[in-house]
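Remarks on the structure that follows.
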Amino acid sequence: MSDIFDVVIVGAGAAGLSAARQAREMGLSFKVFEAKDRIGGRTFTDTASLGMTWDRGAHWLHSADVNPLTKIADELGHPYHRHDEGSFYRHLFLGQKAGRPVWADEEAYTAYREEFEAAYDIAHVQGEAGEDIPVSETLDPSARFYRITRHLFQAICGGDPEDLSAVDFARYADTEKNWPLERGYGALIAAYFADIPVTLSCPVHRIDMTGANVKVATEEGTVEAKSVIVTVSTNVLSSGAIRFLPQLPARTQEALEGVPTGHANKVAFAFKREVFGLPEMSHPLAIDEKKPARPALSFQIRPFGHNMAIAYFGGSEAADLERAGRDVMIAHARGMLGDMFGTDIFKEMSGVESTAWTTDPHTLGAYSYGKPGKSDMRERLSEPVGDRLFFAGEAVPLDWYSTVHGAYVSGMSATQKAAHYLGRGVAGEASA
Ligand SMILES: Cc1cc2nc3c(=O)[nH]c(=O)nc-3n(C[C@H](O)[C@H](O)[C@H](O)COP(=O)(O)OP(=O)(O)OC[C@H]3O[C@@H](n4cnc5c(N)ncnc54)[C@H](O)[C@@H]3O)c2cc1C
Numbered sequence: 018m019s020d021i022f023d024v025v026i027v028g029a030g031a032a033g034l035s036a037a038r039q040a041r042e043m044g045l046s047f048k049v050f051e052a053k054d055r056i057g058g059r060t061f062t063d064t065a066s067l068g069m070t071w072d073r074g075a076h077w078l079h080s081a082d083v084n085p086l087t088k089i090a091d092e093l094g095h096p097y098h099r100h101d102e103g104s105f106y107r108h109l110f111l112g113q114k115a116g117r118p119v120w121a122d123e124e125a126y127t128a129y130r131e132e133f134e135a136a137y138d139i140a141h142v143q144g145e146a147g148e149d150i151p152v153s154e155t156l157d158p159s160a161r162f163y164r165i166t167r168h169l170f171q172a173i174c175g176g177d178p179e180d181l182s183a184v185d186f187a188r189y190a191d192t193e194k195n196w197p198l199e200r201g202y203g204a205l206i207a208a209y210f211a212d213i214p215v216t217l218s219c220p221v222h223r224i225d226m227t228g229a230n231v232k233v234a235t236e237e238g239t240v241e242a243k244s245v246i247v248t249v250s251t252n253v254l255s256s257g258a259i260r261f262l263p264q265l266p267a268r269t270q271e272a273l274e275g276v277p278t279g280h281a282n283k284v285a286f287a288f289k290r291e292v293f294g295l296p297e298m299s300h301p302l303a304i305d306e307k308k309p310a311r312p313a314l315s316f317q318i319r320p321f322g323h324n325m326a327i328a329y330f331g332g333s334e335a336a337d338l339e340r341a342g343r344d345v346m347i348a349h350a351r352g353m354l355g356d357m358f359g360t361d362i363f364k365e366m367s368g369v370e371s372t373a374w375t376t377d378p379h380t381l382g383a384y385s386y387g388k389p390g391k392s393d394m395r396e397r398l399s400e401p402v403g404d405r406l407f408f409a410g411e412a413v414p415l416d417w418y419s420t421v422h423g424a425y426v427s428g429m430s431a432t433q434k435a436a437h438y439l440g441r442g443v444a445g446e447a448s449a
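FYI, in this note's numbering the residues of the sequence shown are 18 to 449.
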């Protein structure tokens, strides 16, 4: 007779791997299936493509002073940079005048900062008051720095302000400590979970809960389990890539659609030498005040001393540029970078790479946001289905959503719930 596992875990990102580790600690038998040929999911440190270390996905330990993965980084000797100020954006590019770059002076920088902080605070106040309205209703599109504010909401939340619930936005627990990992977030996750057995390149395509045990079907056959933890993104779940028998209840489907996976992408430029004239770990923001149709962008310049510039896109702009093609996305970032530092810098360029999280069939996006009127859908995703199907992943936590640490904690919590169902543990016990 084949093995019947206590739990099958679908996906080996931060959530699936922490669910598996928790299962091992609780003495549960488990099996992890991962569609990709690597672990880590939306954490992936790339050391090969440009000859320099950069994260294609997650990079910052968000809320780093309370993030449980910060302690793990310390234990494993993975260094990070402490940005202790509230904002790490210190340079603001405003476009060109007579062919010369114009950078904001102290007065313009302060004006931007005040405008952004006021917009952020108003969205928070509305959300905290329970106003489940679109964040866009709290913003003023005629404000001078509106495009930057819009860009920052898109980058932080993955969605456009019109699509973001103010309540969901306000629930995110932000300590404003965001510390980038020198060797990469992907490298940290890969190192910490290196000893978790995972069946790679093995997508799950059907989860059948009609019998006494759950039958999980993959390209390499079917396994049976008493419970199943699914950690794939909400967009992958909504796409029907995994067929559930019986179908997921309507209330679960509504929850998945209420918390879609938003969009974010990066373009990374590598250079043979220092070309920017900015200190390492700089994060300039850029708008073109003369061209209102040109979207704002943010950059990481010389991260950890690497001669790189990494452009960051969020929301519909990230998705649209990705769909338009790699060359279009690169040209967009390159145009702004050339305006900022002069096109001569490209004579020193040694390579360029871009990400494509929206069209990646295993993610179909970057991180989740709650839609207006749907702020309670994350909580619904944390409910078990038929007592033995549990969802985990970055879309599930109420306050640490969208993040690696949120995914990590949700994985442990799902295993505890599964163990409780199996009569093997107490729900709510954590072992982080
Ligand atoms: C560009 C970008 C920047 C980001 N920046 C940050 C940051 O700085 N800090 C931060 O905290 N977070 C950041 N995030 C978000 C963070 O990466 C995610 O929230 C987190 O990694 C999600 O983990 P997860 O386990 O929930 O999902 P995933 O990592 O997506 O794991 C799910 C896994 O399931 C697999 N899978 C899919 N379909 C199947 C199937 N049918 N069968 C089996 N396996 C399947 C996928 O391949 C994937 O490995 C960023 C994300 C992106 C894309």
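Using N, Cα and C, we set each Cβ at its ideal position, and we do this for glycine too.
Say the cut is 7 Å; is the CB of residue i nearer than that to a heavy atom of ligand 1?
i    : result
G28  : yes
N252 : no
P85  : no
P513 : The requested residue 513 does not occur in the structure, where the chain is confined to residues 18 to 449.
Y384 : yes
F50  : yes
W196 : no
H300 : no
P220 : yes
T380 : yes
W71  : no
G410 : yes
I120 : Per the sequence shown, residue 120 should be read as Trp rather than Ile. No.
R454 : Nothing in the structure corresponds to residue 454, since the chain is present only between 18 and 449.
V284 : no
T62  : no
A373 : no
H79  : yes
Y202 : yes
T248 : yes
G88  : The identity of residue 88 in the sequence shown is Lys, whereas the question assumes Gly. Checking every heavy atom of ligand 1 against the Cβ of K88, none is found closer than 7 Å.
S419 : yes
H479 : What the structure shows of the chain is the stretch from 18 to 449, and residue 479 is not part of that stretch, so it cannot be assessed.
Looking only at its chain, what residues have a beta carbon closer than 8 Å to the beta carbon of residue i, apart from the 5 residues adjacent to it on each side?
i    : result
A90  : L78, P96, Y97, L198, L205
G355 : I362, F363
A136 : T155, L156, D157, A160, T166
R405 : M226, V231, K243, S244, V245, A435, Y438
I347 : V284, V369, S371
Which same chain residues end up closer than 7 Å to residue i when comparing Cβ atoms and leaving out the 5 residues on each side of it in sequence?
i    : result
E446 : Any reading at E446 needs caution, since the residue's pLDDT is 45, under 50, leaving its predicted position unreliable; the model's value is listed next. Same-chain partners within the cutoff: Q433.
G423 : E411, P414, W417
V119 : L111, G112, Q113
A37  : I26, F47, V49, I213
R268 : R397
V152 : A140, F170, P178, L181, A183, F186
Y189 : D416, Y418
G275 : G387, K388, K391, M394
P266 : V402
Keeping to the same chain, check which residues put their C-beta closer than 6 Å to that of residue i; ignore five residues upstream and five downstream.
i    : result
G176 : G279, G332, Y386
G28  : T248, V249
M226 : G403
G103 : Confidence in G103 is poor, its pLDDT being 46 and thus under 50, which makes the residue's placement unreliable; the coordinate value appears in the next sentence. If we look at G103 and ignore the five residues flanking it on each side, its Cβ neighbours are E193.
A160 : E132
F162 : Y129, E132
A409 : A32, A36, I246, T248, S427, G428, A431
A449 : With a pLDDT of 35 at A449, under the threshold of 50, the modelled position of this residue cannot be trusted, and the question is left open.
V292 : I362, E365
V253 : L381
V215 : A29, V49, E51, I56
I318 : F293, L295, S299, A326
Measure how close the beta-carbons of residue i and residue j come, nearest whole angstrom, since I'm counting them as under 8 Å.
i    : j    : result
N282 : A341 : Not quite, the Cβ-Cβ distance comes to about 11 Å (not below 8 Å), so this is no contact.
W196 : A81  : 4 Å
H108 : L295 : 7 Å
H379 : A52  : 5 Å
G322 : E306 : 31 Å between Cβ atoms; not a contact.
Y202 : H76  : 5 Å
Please report whether the beta-carbon of residue i lies at a distance below 8 Å from any beta-carbon of chain C.
i    : result
D212 : No chain C appears in this structure, which consists of one protein chain only.
Worksheet item: Can we say the segment 250 to 266 touches the segment 63 to 77, given the rule of at least three CB pairs closer than 8 Å?
Response: no
Worksheet item: With a cut-off of 8 Å, do at least 3 Cβ pairs link the segment 286 to 295 to the segment 236 to 251?
Response: no
Discussion item. Within 8 Å, do at least three Cβ pairs link the segment 170 to 189 to the segment 140 to 158?
Written reply: yes
Fill in: Uninterrupted alpha helix (DSSP H) stretches inside the segment 307 to 363 (no shorter than 4 residues)
332 to 341, 343 to 358
Discussion item. Could you tell me which whole alpha helix (DSSP H) segments of length 4 or greater appear in the segment 218 to 273?
Written reply: 251 to 256
Worksheet item: If you scan the segment 373 to 441 from start to end, which runs of the beta strand (DSSP E) of 3 or more residues do you find wholly inside it?
Response: 406 to 408
Worksheet entry | Contiguous alpha helix (DSSP H) assignments of at least 4 residues, all confined to the segment 101 to 150 | 123 to 145
Fill in: Sequence ranges, beta strand (DSSP E) only - wholly within the segment 39 to 70, length at least 3
47 to 50
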